[in-house]
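Quick notes on the structure that follows.
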Amino acid sequence: YPERVQGTAMSVAIYKRGSDTKLTECKLGASTQFVDIKRAVCEKKRGLYPERVALYIENKEKAGAYVRVDLDAKQSVKDACSSGKIFFKDLGPQIGWNTVFFWEYFGPLCIFAATFFFRNAIWGTDIPEASDVQRLAMYCWVGHYAKRILETFFVHVHAQSTMPLFNLFKNCSYYWGFAALVAYFVCHPQYAAPAELNVKAGLYLFIGSELCNGWTHLTLANIRRKNPKAYEIPTGPLFALLSCPNYFFETMAWFGFNIMTQSFFGYMFMLAGFLQMLEWALARHRKYRKTFKNYPRIRKAIIPFVI
Amino acid sequence: KAAVMGIINVYLVAYNVCMAAGWSFLLYTTAQTLFLDGKPEQLWERTEWHLKVFQTGAVLELLHSLLGFVKSPFSRALLQIFSRLAALWVVVDTNYAQANAASRNEWTDNFFAMLMLAWCTVEVIRYSFYGLNILGSVPSFLNWMRYSAFLILYPIGVTGEVGSLLHAMPFFDQGQCPPALPACNYSMPNSFNVAYSMSSLAKFFLFMYIPGLPFLYLQMLGERRRKLGGGARKQKKN
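Read top to bottom, the protein sequences are chains A and B. Numbered according to our numbering, the first sequence spans residues 145 to 451. Numbered according to our numbering, the second sequence spans residues 833 to 1070.
Spelled out as structure tokens, the structure:
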């Protein structure tokens, strides 16, 4: 698209990936943004909205392959459209992150509380009263998820992004499933609490870890308070030995909970969560080390001195 | 490195050939017992041990996936093998156990027959496909079979599996354990604060067919579309 052709406004042709038929065009002005190109797609395709549209350009090195357009301002609209063609993909129904987080956390909170308060409905009236440890477990569990919900809406800073709707069902199955399993056996009339020392030690570990985890979240949020896209090396005592102290303290909080309550599914839940957080921590740690040449060498990803 | 790859491929081809041979024998025996002799009640006696050896041998595929010999995802292999082993060693083995001989009826045998027809056919196709794939030449007919046979075999196989499971459920509800798992019930109170019963595990297993079958079926349909394309019929003629 030569810029100097008389009478022709600069525009980019939009195609579906893998198709040769042009869907539509979008005029490129000085202030055109990617979302305008997405809106052009949505005008032609019923049922689509910008969050569902992903933009791609042809991969110059590999025929038939595409490269996703990086919307975090790494590529300018002009650069992406320099070949005159741009491609889109329908990502499927989307849902907002905060919506997913809310339901992921609200479910377990309700499930444990309901299991605790309706023990008689579940196991009959001829059962002993809930023990102190069982009550404590309920408070800890409910408190943990209440904290998470508050953090989602008042602390965490993330881009107003969306994720595929399927993730809602996948994530809720995981959280709600484990919540039901842990709650059932901890609230059970034949639940056997561990020794008092375990209960005390577990509780203190839980509370201390939750506080440290919260402090980590606040520190990370402060980095993005003024600039939501800021990417810096986090500092502070919690970060002295770790890239992701939030994941470390989350695991320690569950460890405390399990020392206090000692249930098979409690430990399984902690293990499953840890494995996922390990994967996330390693990725973030790698990214930090790649981005910052002076990244502190002593820091590990998720367990100090180990990994 | 190329030498190591070569050895791995020789091993894999040998594995697939053995499996294909074993399942071919099972398919032949199944077809003979059901269609030539017309005696489904003899199917278990004739195939029990071969079936147990070749189906259990498939755990090697978990190792192949973990060690990176093959590209398929570990979670998929794990799910598939776990459900097969459960269906065989927990469900069918219980139905045919000595203790339950009195409850055995024509439906025990019919569901087992459906299960066998589906499993044997699918496995012969699958292992032949894998073996020839490593050697680099899969006849287009086999390719078509691999991505089309499941269309009727999945429903037939699942009917056999679920039918067998429903038949076995009363035994589990009474606290019976499968012959291979003498200790399958654990009750509270205990220091792990956990309990399980074959009855509840079996009900969970039954429930998992509801999301499981559509998920696997749709996944295979997607692969079919990609591998055979829109001109699936054209490909078959070629």
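Quick reminder that beta carbons are idealized off the backbone N, C-alpha and C, glycines included.
Neighbourhood of residue i by C-beta distance below 7 angstroms, restricted to the same chain and skipping five residues each side
| i | result |
| --- | --- |
| Glu195(A) | Gln238, Thr306 |
| Cys316(A) | Trp247, Glu248, Gly251 |
| Leu349(A) | Met396, Phe399, Gly400, Ile403 |
| Trp320(A) | Gly251, Pro252, Ile255 |
| Pro378(A) | Thr363, Leu364, Ile367 |
| Ile1080(B) | The question about residue 1080(B) has no answer here: the residues shown for chain B are numbered 833 through 1070. |
| Ser1019(B) | Ala1027 |
Sequence-distant residues of its chain with Cβ nearer than 8 angstroms to residue i (five each side left out)
| i | result |
| --- | --- |
| Asn390(A) | Asn357, Thr360, His361, Leu364 |
| Gly1007(B) | Asn1017, Ser1029, Met1030, Ser1031 |
| Pro333(A) | Arg263, Trp267, Ile271, Pro272 |
| Asn242(A) | Thr296, Phe297 |
| Asn402(A) | Gly346, Gly410, Tyr411, Met414 |
| Gln887(B) | Arg916, Leu917, Leu920, Trp951 |
| Pro448(A) | Leu385, Leu386, Phe392 |
| Thr940(B) | Asn927, Tyr928, Ser996, His999 |
| Gly417(A) | Glu394, Thr395, Trp398 |
| Trp872(B) | Per the sequence presented here, residue 872(B) reads as Pro, with Trp not at that position. Only Thr865, Leu866, Glu938, Asp941, Asn942, Phe944, Ala945 meet the Cβ criterion. |
| Pro308(A) | Leu235, Gly236, Pro237, Gln238, Ile239 |
| Ile451(A) | Leu422, Leu426, Lys444, Ala445 |
| Thr176(A) | Cys170, Val221 |
Residue i CB to nearest heavy atom of the ligand SAM below 7 angstroms
| i | result |
| --- | --- |
| Ala374(A) | The ligand SAM is not part of the structure shown, which contains no ligands of any sort. |
Supposed contact pair residue j and residue i - C-beta distance, whole angstroms, cut 8 angstroms
| i | j | result |
| --- | --- | --- |
| Ala281(A) | Met404(A) | 7 angstroms |
| Met1052(B) | Phe982(B) | 5 angstroms |
| Thr865(B) | Leu875(B) | 5 angstroms |
| Tyr200(A) | Val213(A) | 6 angstroms |
| Val156(A) | Ile181(A) | 7 angstroms |
| Tyr959(B) | Met851(B) | 4 angstroms |
| Trp855(B) | Val956(B) | 5 angstroms |
Cβ of residue i within 8 angstroms of any chain A Cβ
| i | result |
| --- | --- |
| Met1040(B) | no |
| Pro1021(B) | yes |
| Phe1036(B) | no |
| Gln1067(B) | Its pLDDT being 43, under 50, Gln1067(B) is placed unreliably by the model, and nothing is read from it. |
| Phe1024(B) | yes |
| Gly1063(B) | Here Gly1063(B) scores only 48 on pLDDT, less than 50, and its place in the model should not be relied on; the value that follows carries that caveat. Not one chain A Cβ lies under 8 angstroms of Gly1063(B). |
| Gly838(B) | no |
Residue-chain proximity (residue i, chain B), Cβ-Cβ < 8 angstroms
| i | result |
| --- | --- |
| Ser113(A) | Here chain A comprises residues numbered 145 to 451, so residue 113(A) is not present and cannot be evaluated. |
| Tyr335(A) | yes |
| Gly162(A) | no |
Sequence-distant residues of its chain with Cβ nearer than 6 angstroms to residue i (five each side left out)
| i | result |
| --- | --- |
| Val277(A) | Ala337, Val343 |
| Ala853(B) | none |
| Lys437(A) | none |
| Tyr928(B) | Trp876 |
| Ala909(B) | Glu893, Leu894, Ser897 |
| Phe943(B) | Gly992, Gly995, Ser996 |
| Tyr1049(B) | Tyr986 |
| Pro1011(B) | Asp925, Ala929 |
| Ala1064(B) | Its pLDDT being 44, under 50, Ala1064(B) is placed unreliably in this model, and the value from its coordinates should be taken loosely. Contacts found: none. |
| Val849(B) | Gly963 |
Legend entry - Cβ contact check for the segment 325-332 of chain A and the segment 404-411 of chain A: 3 or more pairs under 8 angstroms: These segments touch.
Legend entry - Within 7 angstroms of chain B by C-beta, residues of the segment 404-421 of chain A in sequence order: Gln406, Ser407, Phe408, Phe409
Inset, instruction - Would you check if there are 3 or more beta carbon pairs closer than 8 angstroms linking the segment 413-429 of chain A to the segment 374-384 of chain A? - result: no
Legend entry - Touching by the beta-carbon criterion (3+ pairs, under 8 angstroms), the segment 889-903 of chain B and the segment 835-845 of chain B: yes
Legend entry - Contacting positions in the segment 315-334 of chain A - beta carbon closer than 8 angstroms to chain B: Phe329, Val330, His332, Gln334
Inset, instruction - Flag this pair as touching only if the segment 942-958 of chain B and the segment 915-932 of chain B have three or more C-beta atom pairs under 8 angstroms; answer yes or no. - result: With the cut-off at 8 angstroms, the segment 942-958 of chain B and the segment 915-932 of chain B touch.
Legend entry - At least three beta-carbon pairs within less than 8 angstroms, the segment 994-1004 of chain B to the segment 966-986 of chain B: Short answer: they don't touch.
Inset, instruction - May I ask you to verify whether the segment 169-179 of chain A touches the segment 219-233 of chain A, counting CB pairs closer than 8 angstroms and requiring at least 3? - result: yes
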